[in-house]
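First the structure, in the form of structure tokens, and then the observations on it.
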Amino acid sequence: MRIPFDNSYATLPDGFFTRLDPTPVKEPKLLAWNDDLAASLEIEGGDAKTRAQVFGGNQVPAGAAPLAQLYAGHQFGNFNPQLGDGRAILLGEVVDSVGKRRDIQLKGSGPTPYSRMGDGRAWVGPVLREYLISEAMHALGVPTTRALAAVATGEPILRESGPLPGAIVTRVAASHLRVGTFQVFAHRGETEALKTLTDYAIARHYPDAEGPLDLLRAVCAAQAELVAQWMSFGFIHGVMNTDNCSISGETIDYGPCAFMDAFHQGRVFSSIDRQGRYAYGNQPQIVVWNMAQLATSLLQQMDDKETAVEDATEIVHDLPELVEAAWLRRFAAKLGISNPRPEDVDLINELLSLMQTDGSDFTNTFRALGTDQARDHFTNGDAFDAWAENWRSRIKDEPDPQAVMQAANPAVIPRNHRIEQMIEAAVAGDMAPFERLMTALATPFEETDPELQRPPTEDEIVPATFCGT
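Here it is as structure tokens:
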């Protein structure tokens with residue numbers, strides 16, 4: 014197998030990471046392989062056995078520079094001064110077929126100096142969950158890390174529920190630079206390291222940025238677009254800690270994430286989010302909070318701090334308006350509106366309010382707009398009719414509202430109950446439900462598998478999701 018490594022992060026000072034190889038596993042077996050992604054990364058050769066050895070951590074490929082990255086982070090608002098890759102190894106980077114630099118990382122690859130008493134491993138459930146949802150997000154057009162491989166380790170992983178089958182996912186990202194990567198050096202007062210990191214981040218992600226404040230502005234813009242896309246698909250990240258906030262603007266870390274079935278602004282799935290900090294409707298505010306932490310870190314390297322604080326404050330204070338504008342564009346499209354107006358916010362919110370009152374299915378309700386089935390998603394049909402009259406009046410001059418809606422409203426999403434059924438089957442050795450979901454989710458705007466569009470029955474509802482640790 015040939016992987017065209019072109020490593021850059023490994024050339025940074027040693028204080029940015031710890032060099033170490035992944036821990037070998039007993040009996041690696043390839044569970045899933047992403048042919049299209051491998052081709053775009055220009056990875057050549059290798060049969061299933063070789064891929065299992067490499068991406069199971071037993072064989073370090075030529076040109077790799079394995080390391081665990083250092084970072085800090087606010088976790089549910091509480092600052093932890095040192096986190097780092099506790100169960101991940103960055104094998105290295107490649108420049109893909111369109112000239113974009115990509116990280117290739119093994120997740121679940123064994124303990125590191127940052128494991129904090131953990132075993133550094135993952136079990137097959139979270140591995141297949143991340144593989145499937147990250148690829149589903151990619152198909153939806155949402156910036157995201159992607160999945161290259163899933164490998165069973167042949168070793169049991171001990172968790173509170175007992176032994177579970179171990180697995181490793183290979184994650185591909187624009188980078189794994191996080192807000193927490195900047196926080197660790199700012200907290201330590203290591204100004205030179207912070208400057209080095211800032212220069213590296215600008216060169217890698219935002220080459221037109223001129224200095225730390227321009228970097229902040231660019232990251233804020235990327236995050237505004239990202240969170241608006243999440244909201245438009247009913248996605249709840251679930252653990253928006255600063256160490257899970259990528260400065261590239263990609264979705265990263267699919268631990269306790271979920272897509273909503275019945276709509277509710279306060280919807281929470283993450284079992285560890287007991288106060289609802291990262292509820293669906295709170296995500297725009299949290300992204301602003303996270304960017305304020307990035308601003309605080311970047312300021313540590315500025316000479317004229319008083320002026321820099323004023324400028325950074327203005328950038329962060331402008332972020333809610335960016336999020337609102339991106340949200341309006343996304344949700345207006347879901348109603349068939351290609352050129353939204355400020356007053357469209359009320360039209361959108363009126364529909365969302367009806368959906369929340371009636372517990373309407375988020376995905377299916379939007380998908381049904383413009384059809385005879387739309388009214389069926391509401392218990393109060395008269396209220397929907399009144400809203401729909403205003404809506405039809407609004408879109409009558411749109412050139413092709415149906416096409417706009419079809420492109421904005423998926424037919425199928427990775428629903429929680431289907432994911433749980435898939436995991437249960439995979440643990441029993443049956444990968445057919447995983448393959449079925451992967452096939453349908455690859456073309457989410459097409460109605461290729463109607464049964465997967467069905468919301469859960471009462472006994473299928475998944476009330477909580479769990480992180481993979």
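Each residue of the sequence shown is one higher than the one before, starting from 14 at the first, in my numbering.
From the three backbone atoms N, C-alpha and C, an ideal C-beta is built for every residue, glycine too.
Length of the line joining the Cα atoms of residue i and residue j
| i | j | result |
| --- | --- | --- |
| Glu63 | Val329 | Looking at the sequence provided, one finds Thr at residue 63 rather than Glu. Taking the straight line from one Cα to the other gives about 47 Å. |
| Arg172 | Gly121 | 14 Å |
| Leu385 | Ala149 | First, the residue type needs correcting, since residue 385 is Asp and not Leu in the sequence shown. So the two alpha carbons sit approximately 28 Å from each other. |
| Tyr219 | Ser406 | 42 Å |
| Phe246 | Thr452 | 19 Å |
| Gln415 | Pro74 | 49 Å |
| Arg388 | Phe397 | 7 Å |
| Ile299 | Leu103 | 28 Å |
| Asp286 | Ile474 | 18 Å |
| Ala52 | Gly112 | 13 Å |
| Ser351 | Glu411 | 7 Å |
| Thr264 | Glu334 | 21 Å |
| Glu363 | Thr209 | 48 Å |
| Leu190 | Gln82 | 9 Å |
| Pro353 | Asn403 | 15 Å |
| His277 | Val252 | 18 Å |
| Leu54 | Glu106 | 10 Å |
| Ala199 | Pro26 | 16 Å |
| Arg525 | Ala381 | For the chain, the structure presents residues 14 to 482; residue 525 sits outside this window and is missing. |
| Leu141 | Ala321 | 44 Å |
| Gly86 | Ala401 | 45 Å |
| Ala77 | Val108 | 13 Å |
| Asp132 | Val197 | 23 Å |
| Phe272 | Ala445 | 22 Å |
| Ser310 | Glu319 | 14 Å |
| Glu437 | Gly289 | 28 Å |
| Asp462 | Pro469 | 15 Å |
| Thr392 | Asn20 | 57 Å |
| Thr24 | Met244 | 38 Å |
| Asp331 | Gln306 | 15 Å |
| Ile215 | Phe195 | 13 Å |
| Ala455 | Asn47 | 12 Å |
| Met418 | Leu365 | 16 Å |
| Ser259 | Ile117 | 15 Å |
| Phe281 | Glu223 | Residue identity differs from the one stated: residue 281 is Val in this sequence, not Phe. Going from the Cα of Val281 to the Cα of Glu223 covers about 39 Å. |
| Tyr291 | Asp274 | 17 Å |
| Phe29 | Gly202 | 14 Å |
| Gly279 | Ser110 | 41 Å |
| Glu40 | Met14 | 19 Å |
| Tyr293 | Asn257 | 16 Å |
| Phe18 | Arg115 | 10 Å |
Contacts around residue i, its chain only, beta-carbon distance under 7 Å, and the 5 residues preceding and following it disregarded
| i | result |
| --- | --- |
| Arg134 | Arg100, Gly121, Gly123, Ile170 and Gly179 |
| Gln314 | Thr204, Leu207, Lys208, Thr211 and Pro225 |
| Asp98 | Ala81, Gln82, Thr125 and Tyr127 |
| Lys42 | Ala65, Val164, Ala165 and Gly167 |
| Leu119 | Pro35, Phe68, Gly70, Ala101, Ile102, Leu104, Ile181 and Thr183 |
| Ala399 | none |
| Leu50 | Arg159, Leu161 and Val185 |
Integer Cβ distance of residue i from residue j, believed to fall under 8 Å
| i | j | result |
| --- | --- | --- |
| Ala160 | Thr183 | 7 Å |
| Val137 | Ala439 | 6 Å |
| Leu348 | Ile408 | 7 Å |
| Pro269 | Phe479 | 6 Å |
| Tyr144 | Ala45 | 6 Å |
| Leu228 | Ala308 | Not quite, the Cβ-Cβ distance comes to about 10 Å (not below 8 Å), so this is no contact. |
| Thr255 | Val301 | About 12 Å; that fails the 8 Å criterion. |
| Ser261 | Ala187 | 4 Å |
| Val358 | Pro297 | Actually they do not touch by this definition, with Cβ atoms about 13 Å apart. |
| His390 | Thr378 | 4 Å |
Cβ-heavy atom distance, residue i to the ligand NAD, below 8 Å
| i | result |
| --- | --- |
| Leu50 | By its list of ligands, the structure shown contains no ligand whatsoever, and the ligand NAD lies outside what it can speak to. |
Chain-order list of residues whose beta-carbon lies under 6 Å from that of residue i (same chain, five-residue window excluded)
| i | result |
| --- | --- |
| Ile361 | Phe344 |
| Pro94 | Ala85 and His200 |
| Gln369 | Phe276 and His277 |
One or two residues paired with residue i in a DSSP bridge
| i | result |
| --- | --- |
| Thr264 | Thr157 |
| Lys42 | Ala165 |
| Phe272 | Phe248 |
| Val107 | Phe18 and Arg115 |
| Leu80 | Arg32 and Leu103 |
| Ser259 | Arg191 |
| Gln88 | Asn91 |
| Lys120 | Ala101 and Val182 |
| Ser283 | Thr478 |
| Ile170 | Leu177 |
| Trp136 | Gly179 |
Residues near residue i by beta carbon distance below 8 Å, same chain, minus five either side
| i | result |
| --- | --- |
| Pro457 | Ala149, Ala152, Leu153, Pro423, Ala424, Val425 and Ile426 |
| Leu465 | Val425, Arg428, Arg431, Arg449, Leu450 and Ala453 |
| Ser147 | Thr157, Thr158, Arg159, Ala160, Arg184, Thr264 and Tyr267 |
Touch test, the stretch 230-246 against the stretch 149-160, Cβ-Cβ under 8 Å, three pairs minimum = yes
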